[in-house]
Amino acid sequence: MARTAVSGRLAWRVARLAEIRQETATARTLVLDVPGWPGHLPGQHVDVRLTAADGYTAQRSYSLAAPSDGDRLELTVQRVPGGEVSEHLTGPYAVGDPVEIRGPIGGWFVWRPTDPAPVLLVAGGSGVVPLMAMIRARRAAGSRALFRLVYSVRTPADLYYATELRKPYAGLDVTYVYTRELPDGVAGIPRRLSVATLNTASWPKDFGPTSYVCGPTAFVETVADALLALGHSPHSIRTERFGPSRD
Amino acid sequence: MGVITPGFTGRARGDNPRLPPGQYLTEDFPVLSAGPTPRVHLDKWEFVITTEKGEKRSWSFRDLIALPSEKFTVDIHCVTQWSKLDTRWRGVPVATLLGDLDTEADYVLAHSYGGYTTNLPLADLLDGQAWIAYEYNGKPLTPEHGGPARLLVPHLYFWKSAKWVRGLELATKDEPGFWESSGYHDYGDPWREQRYQGD
Numbered sequence: 395m396a397r398t399a400v401s402g403r404l405a406w407r408v409a410r411l412a413e414i415r416q417e418t419a420t421a422r423t424l425v426l427d428v429p430g431w432p433g434h435l436p437g438q439h440v441d442v443r444l445t446a447a448d449g450y451t452a453q454r455s456y457s458l459a460a461p462s463d464g465d466r467l468e469l470t471v472q473r474v475p476g477g478e479v480s481e482h483l484t485g486p487y488a489v490g491d492p493v494e495i496r497g498p499i500g501g502w503f504v505w506r507p508t509d510p511a512p513v514l515l516v517a518g519g520s521g522v523v524p525l526m527a528m529i530r531a532r533r534a535a536g537s538r539a540l541f542r543l544v545y546s547v548r549t550p551a552d553l554y555y556a557t558e559l560r561k562p563y564a565g566l567d568v569t570y571v572y573t574r575e576l577p578d579g580v581a582g583i584p585r586r587l588s589v590a591t592l593n594t595a596s597w598p599k600d601f602g603p604t605s606y607v608c609g610p611t612a613f614v615e616t617v618a619d620a621l622l623a624l625g626h627s628p629h630s631i632r633t634e635r636f637g638p639s640r641d
Numbered sequence: 002m003g004v005i006t007p008g009f010t011g012r013a014r015g016d017n018p019r020l021p022p023g024q025y026l027t028e029d030f031p032v033l034s035a036g037p038t039p040r041v042h043l044d045k046w047e048f049v050i051t052t053e054k055g056e057k058r059s060w061s062f063r064d065l066i067a068l069p070s071e072k073f074t075v076d077i078h079c080v081t082q083w084s085k086l087d088t089r090w091r092g093v094p095v096a097t098l099l100g101d102l103d104t105e106a107d108y109v110l111a112h113s114y115g116g117y118t119t120n121l122p123l124a125d126l127l128d129g130q131a132w133i134a135y136e137y138n139g140k141p142l143t144p145e146h147g148g149p150a151r152l153l154v155p156h157l158y159f160w161k162s163a164k165w166v167r168g169l170e171l172a173t174k175d176e177p178g179f180w181e182s183s184g185y186h187d188y189g190d191p192w193r194e195q196r197y198q199g200d
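Protein chains in written order, with this note's numbering: chain A, 395 to 641; chain B, 2 to 200.
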């Protein structure tokens with residue numbers, strides 16, 4: 395199991411908000427400038443710390459949404475009702491404001507652009523964020539590794555990165571699963587992702603794919619179990635779970 | 002004090018003395034795992050302790066639950082910043098399993114079904130600090146939370162409480178486990194906020 399070695403102390407660095415991109419009614423991408431950022435691999439995350447005027451601090455972990463690009467980082471933050479950090483980052487947090495960041499963190503749920511194996515990405519809701527970093531890293535590196543993304547959301551309005559994903563890109567297939575409401579003009583009924591969906595959308599196990607699954611706990615459990623049932627080896631399935639309280 | 006983020010106030014200050022620095026309280030029980038949840042059949046389950054000299058002791062699940070167990074209520078702290086108070090468990094103290102094993106080891110590498118490992122000092126598993134737990138909230142421990150049995154070391158960050166535990170390897174040298182190899186702290190004391198190497 396090759397992993398990224400992180401040596402030395404992970405220092406807190408000051409990050410300033412450079413740009414905001416609204417993804418949905420309740421989620422936004424924050425483009426941050428972090429001088430001295432050491433770089434990261436797609437799939438890794440960071441810890442974000444906010445400090446109030448009285449010294450109170452709160453910190454949370456967020457996945458990086460884009461590959462390493464000098465001193466620039468992108469996070470996509472979903473507003474969680476009552477979430478003190480996410481409510482600030484999706485609300486009053488304004489261009490030029492500082493936060494503190496440290497990382498990168500995590501060396502297992504990562505994709506390396508030098509890896510030629512086919513890749514299956516399965517996203518539940520905001521779990522698409524680290525997977526999008528992999529898709530963007532593949533494009534930036536000119537990788538020819540074949541990618542498939544299965545992206546499950548409640549309704550079309552909940553899609554992150556919708557415009558970017560709609561553009562055809564050689565070697566990337568996207569399958570959408572809508573659990574509550576279908577897009578206009580699409581026949582059928584909303585349904586949850588099933589073994590049948592994955593049987594069609596995943597790679598044959600003989601191709602030696604790596605599967606990355608990210609989303610809420612129950613979603614990840616269902617998908618990982620389905621991939622096992624389809625014969626994939628447990629070691630080829632990498633997971634990242636978001637507990638319901640995560641903000 | 003860190004850099005102030007303008008306009009950030011945060012939630013009401015609870016000043017809960019049971020909450021380590023950088024943690025927040027949660028009522029639910031989030032799950033973090035690196036891969037699929039291993040399903041281990043109780044009839045096939047086995048727990049093995051190996052010493053640095055190669056001596057082995059093993060227990061079936063039936064053996065384990067036949068040992069004197071303890072019910073205990075503890076607070077747990079995850080490195081991803083959530084803490085959960087007053088969680089109720091039942092299990093066998095690790096010291097009971099170690100018994101009178103002859104060892105000069107200072108360290109332990111815990112092994113799990115599924116391949117996960119984590120390293121701890123042996124001293125942190127003794128004196129009522131660690132259990133092999135098989136019940137949570139009065140019910141058999143579910144697979145998502147590490148069942149049939151998990152290591153429980155509540156005074157360290159929760160990744161040290163290896164789910165689906167299948168054995169302890171006693172060693173004279175400290176070998177980094179799964180998360181520790183990718184930058185997480187070798188010890189992981191939540192009160193000293195030892196999240197990552199160098200903290």
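Every residue, glycine too, gets a C-beta built ideally from N, C-alpha and C.
Burial check for Asp29 of chain B: the Cβ neighbour count within 10 Å stays below 16, so the residue is exposed.
Beta-bridge annotation (DSSP): Lys57 of chain B is paired with B:Thr51. Against chain A, the beta carbon of Leu33 of chain B has neighbours under 7 angstroms at Arg635, listed in chain order.
The Cβ of Ala452 of chain A sits closer than 8 angstroms to at least one Cβ of chain B.
Within 8 angstroms of the CB of Asp491 of chain A, the CB atoms of chain B belong to Thr6, Pro7, Gly8, in sequence order along the chain. Secondary structure at Ser182 of chain B: helix, using DSSP grouped into helix, strand and coil. For a cut-off of 8 angstroms, the C-beta gap from Asp465 of chain A to Asp427 of chain A is around 6 angstroms, short enough to register as a contact. For the stretch 128-188 of chain B, the continuous alpha helix (DSSP H) assignments of 4+ residues that do not extend past its boundaries occur at 179-182, in sequence order.
Closer than 8 angstroms to the CB of His629 of chain A there is at least one CB belonging to chain B. For Tyr158 of chain B, no chain A residue has a Cβ inside 8 angstroms of its Cβ, as the nearest lies near 13 angstroms away. Beta bridge pairing from DSSP links Glu413 of chain A with A:Val425.
Counting C-beta pairs with one atom in each stretch, the stretch 432-440 of chain A and the stretch 495-503 of chain A have three or more that are closer than 8 angstroms, which means they touch. Residue environment: Lys561 of chain A is assigned as exposed (fewer than 16 neighbouring CB atoms within 10 Å of its CB, all protein chains considered). At a cut-off of 8 angstroms between C-beta atoms, His482 of chain A counts as an interface residue with respect to chain B. By the Cβ-count criterion, Pro191 of chain B is buried, with 16 or more other Cβ atoms from all chains shown falling within 10 Å of its own Cβ. Burial of Phe613 of chain A is indicated by the presence of at least 16 other C-beta atoms within 10 angstroms of its C-beta.
About 7 angstroms separates the CB atoms of Arg542 of chain A and Leu515 of chain A; that is less than 8 angstroms, so the two are in contact. Distance check between Ser457 of chain A and each of A:Gly449, A:Leu467, A:Tyr450, A:Thr451 places A:Leu467 closest, using alpha-carbon atoms only. Straight through space, the alpha carbons of Ala460 of chain A and Val522 of chain A are spaced by roughly 11 angstroms.
Under DSSP, Gly609 of chain A shares a beta bridge with A:Arg635. Put simply, the CB of Tyr108 of chain B is far from chain A, with every gap to its CB atoms at 8 angstroms or more. Our two residues, Glu181 of chain B and Asp187 of chain B, have alpha carbons roughly 6 angstroms apart in a direct line.
Spanning the alpha carbons of Gln198 of chain B and Ser596 of chain A requires a straight line of approximately 37 angstroms. Taking C-beta atoms as the reference points, Lys161 of chain B and Thr118 of chain B fail to come closer than 8 angstroms. The Cβ of Asp619 of chain A sits closer than 8 angstroms to at least one Cβ of chain B. Only those residues of the stretch 173-198 of chain B whose C-beta falls short of 7 angstroms from the nearest C-beta of chain A are listed: Ser182, Ser183, Gly184, Tyr197, Gln198. Measuring C-alpha to C-alpha distances from Gly168 of chain B to each of B:Glu145, B:Tyr158, B:Glu194, B:Ala134 identifies B:Ala134 as the nearest.
Around the C-beta of His629 of chain A, fewer than 16 other C-beta atoms lie within 10 Å, and the residue is accordingly described as exposed. An exposed status is given to Ser588 of chain A, since fewer than 16 other beta-carbon atoms sit within 10 Å of its beta-carbon. Residues of the stretch 57-82 of chain B whose Cβ lies closer than 7 angstroms to any Cβ of chain A, in chain order: Thr81, Gln82. Nearest CB-CB separation between Arg12 of chain B and chain A: below the 8 angstroms threshold. Pro122 of chain B is bridged by DSSP to B:Tyr108.
Boundaries cannot be given for Pro18 of chain B, as no beta strand (DSSP E) includes it and DSSP labels it neither H nor E. Gln416 of chain A is classed as exposed because its beta carbon has fewer than 16 other beta carbons within 10 Å across all chains shown.
CA-to-CA, the gap between Gly477 of chain A and Leu26 of chain B works out to about 12 angstroms. Residue burial is scored here from C-beta neighbours: Gly36 of chain B has at least 16 other C-beta atoms within 10 angstroms and is therefore classed as buried.
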